[in-house]
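Chains as they are written, first to last, in the UniProt record's numbering: chain A, 1 to 347; chain B, 1 to 347. This report refers to the structure that appears directly beneath it.
Here it is, written out as C-alpha cells:
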C-alpha cells in the first residue's frame with residue numbers, strides 16, 4: 001500500500017477509510033517512559049537538533065501505540081533557534097527568549113534576519129526526517145509541523161509564556177505596522193520550516209496556533225489569519241494541511257483560512273458534529289477526545305471515544321486525536337487502548 | 001440620591017442611566033501604588049481578613065478613579081480559609097491548597113465541614129463591609145462576590161492553579177457522585193459568603209466562574225450550571241446578581257443560569273452586540289474593554305472604549321468593565337481616563 005493510501009492521507013483528501021486514522025498531539029514526549037529515559041541529561045532544544053535522538057523519539061509512539069501517523073518530534077521555537085534567536089525551553093515553564101521583542105526597533109532588528117537562515121541551518125532537521133521516513137517506509141505517514149505566527153509572536157513579545165498574551169495582542173492595535181512586520185516574518189520562518197520537513201519526507205503538515213482562541217474574531221481576521229495563510233501558501237498543493245488551535249470554537253470557520261486547510265482541529269469544547277456544521281462539507285475534522293477523560297475509568301473513556309467517533313461522522317472525514325496535547329502524566333497504556341478501540345472497527 | 005438610584009443599580013434593573021456605570025474587575029489591587037504600599041509585609045489572605053486594611057484597599061480605587069462601584073477586596077478562596085481549609089495565596093502563582101481534594105474520601109472529608117462555619121468565622125468580613133458601606137454612604141454601591149463552584153473546585157482538585165483544569169474536569173466524568181457532592185458543598189460555601197456580604201451592606205453580588213470557559217457546553221450544563229445557580233439562590237431577589245467567566249462566548253446563554261443573573265459579563269472575545277443577541281432582552285451586559293488595549297496609545301484605547309459603548313447599546317443596559325481583571329502593571333492613570341471618558345457622556 002503506498003503512503004497515499006494510508007488512512008491519514010485518505011482522510012485528509014476527504015475519503016472515509018474503513019477505520020478512522022488516529023494520532024495524538026504530543027504522543028512523542030513525556031507520557032512515555034522510554035522518552036523520559038532518552039531525554040535524561042539532554043536539554044529540549046538540543047534533543048530537537050540531534051537527528052538520531054529526534055528520530056528515535058518520533059518513532060517511539062508509533063511502535064508502542066500503532067498510531068496512524070508519526071508527528072515529528074520538535075518544538076515550535078526550533079526554527080527561531082535555527083535563525084539565530086536566543087531561546088531556551090525551561091522545564092515546567094516553556095519557551096523563554098533572552099530578548100523579548102516589544103518595540104518597533106526590536107521588531108526591525110529581529111526581522112532583519114533572513115528567513116532563509118532557517119533552511120540553511122536545517123540539516124539536523126532534514127537528517128532526522130530522512131531517518132524517520134526511511135524507518136516508517138510506506139506504512140505510516142509523518143506529519144511535519146510549525147507554530148503559527150500569532151502563537152510564536154505571543155511568546156516572543158512577552159519573552160515567555162503568558163496567560164492572555166496581552167503584549168502581543170496590544171502590539172496589534174498599538175503599532176499595527178510592527179505587528180504585521182513581525183507576523184509576516186514569522187510566517188516566512190514557519191514556511192521555511194515546513195518546506196524543510198516536506199522536502200525531507202513529511203507527508204502532511206500541521207500548523208499549531210495554540211493560542212488563537214485568545215483572540216476576538218475581528219482581531220483573528222485582521223491581524224492573524226492572513227499571516228497563517230501566508231505561512232501555508234508554499235505547502236499548499238504539495239502536502240495536505242491540518243490547522244489546529246485551542247479554544248477556537250467561535251472562530252472555527254476562519255480556521256479554514258479561506259479553504260487552504262484540508263483539516264481543521266477542534267479542542268474538547270466543540271462537539272465534532274457542531275464543528276463539522278460550522279466548517280462545512282469541504283474540510284476534514286480532527287479531534288477531539290477530552291484529555292481530562294484520559295484519567296477516567298476505561299468504560300467512561302470508551303463511551304466518550306465512541307461519542308467522538310459518532311459525532312465525527314457528520315464531517316466529510318475524521319482524524320481522531322485529542323482536543324489538545326497528551327498530558328505528561330498520562331498512562332500510555334490508555335492511549336494504546338484507544339488506538340485498539342478505533343482500529344477494532346467497533347465504533 | 002438613594003443607592004438604588006445609582007447608575008450601577010439602575011443598570012442592573014435594566015434602566016439606562018445618562019451615562020453607563022463603570023467599574024473594573026481587580027480595580028483594588030496591584031495596579032495602584034497606594035495598594036502596593038499598604039500590602040508590604042502582609043500576606044494576601046491576612047490582608048483579606050484585616051477589616052480596616054480590606055476596607056481601605058476596597059476604597060482606594062473608588063477615590064482615585066471615581067468608579068461607579070466598589071468591589072470588595074477579598075479572594076475567592078477566603079470562605080474556604082474561613083471554613084478551616086488550609087490554603088495560601090502564593091505571590092505570582094495563586095491559591096495553593098495543602099491537601100488537594102482528589103479522591104472520593106477527600107471529598108467526603110472536605111464536605112463534612114458545615115458550610116455554616118463560613119458565616120460563623122466571618123466577623124472580619126462583616127466588619128470590613130460595614131466600614132466600606134459607611135464610608136461610601138449613598139453615593140456608591142459595593143459589590144460583594146464569591147467564586148463559583150467549578151472555579152473553586154478547579155483549584156481544590158488540582159491543589160493549585162492549572163491550565164486546563166484536567167483533574168476537576170476528570171472528576172465530573174470519572175466519579176460524578178463525588179463531583180456533585182463537592183460542587184454542591186462549594187455552592188453552599190459561596191452562598192454563605194455572599195449572604196455575609198449582602199447582610200453587612202453589599203448592594204449587589206458577582207459570581208466569578210473564571211474558568212467556566214474551559215468546559216464544553218454539555219459539561220457546563222450537566223456538572224456546573226446547577227451548582228452555580230444553587231450558589232445564587234439565596235441572593236436572588238435580595239440583591240442583584242452579576243455572573244462572569246472568561247472565554248464563555250460559546251456558553252453565554254447558559255451563563256444566565258435560567259434567568260437568575262441580572263447581568264452577564266463577557267470577556268474581550270465576544271463583541272457586546274453579539275453578546276446581547278445571545279443573551280436576549282432580559283439581561284444587562286457587563287464588559288468588555290480588552291485589557292490588552294490598556295497598553296495602547298490613548299487614541300487607540302479611546303476608539304476601542306467608544307466601540308464597546310456603542311455595541312453595549314444593543315443590550316437592555318450596559319455596565320462598563322474590562323473583559324477580565326486589571327493587569328497588575330497597568331498605569332492607573334489610564335483607568336481614570338476611561339472613567340472620565342465614560343462619565344463625560346461623549347460616547
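Where is the CB? At the ideal position from N, CA and C, for every residue including glycine.
Give every residue of the same chain whose Cβ lies closer than 7 Å to the Cβ of residue i, excluding the five residues on either side of it in the sequence, and list them in chain order.
i                     : result
residue 167 (chain B) : 102, 157, 158
residue 250 (chain B) : 217
residue 221 (chain A) : 254
residue 278 (chain A) : 252, 253
residue 348 (chain B) : What the structure shows of chain B is the stretch from 1 to 347, and residue 348 (chain B) is not part of that stretch, so it cannot be assessed.
residue 281 (chain A) : 316
For residue i versus residue j, is the C-beta spacing smaller than 8 Å?
i                     : j                     : result
residue 232 (chain B) : residue 257 (chain B) : yes
residue 242 (chain B) : residue 262 (chain B) : yes
residue 12 (chain B)  : residue 248 (chain B) : no
residue 334 (chain A) : residue 301 (chain A) : yes
residue 47 (chain A)  : residue 36 (chain A)  : no
residue 190 (chain A) : residue 149 (chain A) : yes
residue 182 (chain A) : residue 85 (chain A)  : no
residue 16 (chain A)  : residue 328 (chain A) : no
residue 135 (chain A) : residue 32 (chain A)  : no
residue 308 (chain B) : residue 289 (chain B) : yes
residue 260 (chain B) : residue 238 (chain B) : no
To the nearest angstrom, report how far apart residue i and residue j are at their CA atoms.
i                     : j                     : result
residue 291 (chain B) : residue 194 (chain B) : 27 Å
residue 273 (chain B) : residue 313 (chain B) : 7 Å
residue 142 (chain B) : residue 203 (chain B) : 6 Å
residue 254 (chain B) : residue 114 (chain B) : 29 Å
residue 61 (chain A)  : residue 87 (chain A)  : 27 Å
residue 110 (chain A) : residue 81 (chain A)  : 12 Å
residue 133 (chain A) : residue 197 (chain A) : 10 Å
residue 211 (chain A) : residue 200 (chain B) : 42 Å
residue 175 (chain B) : residue 105 (chain B) : 12 Å
residue 235 (chain A) : residue 205 (chain A) : 8 Å
residue 187 (chain A) : residue 225 (chain A) : 11 Å
residue 92 (chain A)  : residue 18 (chain B)  : 50 Å
residue 57 (chain A)  : residue 326 (chain A) : 15 Å
residue 72 (chain B)  : residue 53 (chain B)  : 12 Å
residue 139 (chain B) : residue 99 (chain B)  : 43 Å
residue 349 (chain A) : residue 294 (chain A) : In the structure as shown, chain A begins at 1 and stops at 347. Residue 349 (chain A) is therefore absent and cannot be evaluated.
residue 123 (chain B) : residue 213 (chain B) : 34 Å
residue 163 (chain B) : residue 153 (chain B) : 14 Å
residue 320 (chain A) : residue 146 (chain A) : 20 Å
residue 112 (chain B) : residue 192 (chain B) : 16 Å
residue 271 (chain B) : residue 330 (chain A) : 38 Å
residue 1 (chain A)   : residue 137 (chain A) : 10 Å
If you drop the 5 nearest sequence neighbours on each side, which residues of the same chain put their C-beta closer than 8 Å to that of residue i?
i                     : result
residue 296 (chain B) : 304
residue 45 (chain B)  : 75, 77, 78, 81, 87, 88, 89
residue 119 (chain B) : 192, 195, 196
residue 117 (chain A) : 82, 83, 84
Over what stretch of residues does the alpha helix (DSSP H) that includes residue i continue unbroken?
i                     : result
residue 343 (chain B) : 332-343
residue 95 (chain B)  : Here residue 95 (chain B) belongs to no alpha helix (DSSP H); instead the beta strand (DSSP E) covers 94-97.
residue 150 (chain A) : 149-158
residue 312 (chain A) : 298-312
residue 107 (chain B) : 104-111
residue 227 (chain B) : 225-233
residue 134 (chain A) : 123-136
residue 140 (chain B) : Note, residue 140 (chain B): premise wrong, no alpha helix (DSSP H); not H, not E.
residue 57 (chain A)  : 51-65
Taking residue i as part of the beta strand (DSSP E), name the residues at either end of that continuous run.
i                     : result
residue 348 (chain A) : Lying outside 1 to 347, the shown extent of chain A, residue 348 (chain A) is not represented and no answer is given.
residue 88 (chain A)  : 87-90
residue 204 (chain B) : 204-208
residue 285 (chain B) : 284-289
residue 251 (chain A) : Unbroken run through residue 251 (chain A): none, as it is neither H nor E.
residue 264 (chain B) : 263-265
residue 243 (chain B) : 241-244
residue 278 (chain B) : From DSSP, residue 278 (chain B) is part of no beta strand (DSSP E) but of the alpha helix (DSSP H) over 272-279.
Near residue i, which residues of its chain fall below 6 Å by C-beta distance, leaving aside the five closest residues on each side in sequence?
i                     : result
residue 69 (chain B)  : 8, 23, 141, 143
residue 155 (chain A) : 95
residue 66 (chain A)  : 339
residue 324 (chain A) : 246, 267, 291
residue 287 (chain B) : 265, 266, 321, 323
residue 3 (chain A)   : 138, 141, 203
Touch check for the region 21-33 of chain B and the region 337-347 of chain A: three-plus C-beta pairs under 8 Å?
Segments in contact, no.
For the structure I just gave you, are there three or more beta carbon pairs, one from the region 167-183 of chain A and one from the region 127-134 of chain A, closer than 8 Å?
No: the two stretches stay apart, fewer than three of their Cβ pairs being nearer than 8 Å.
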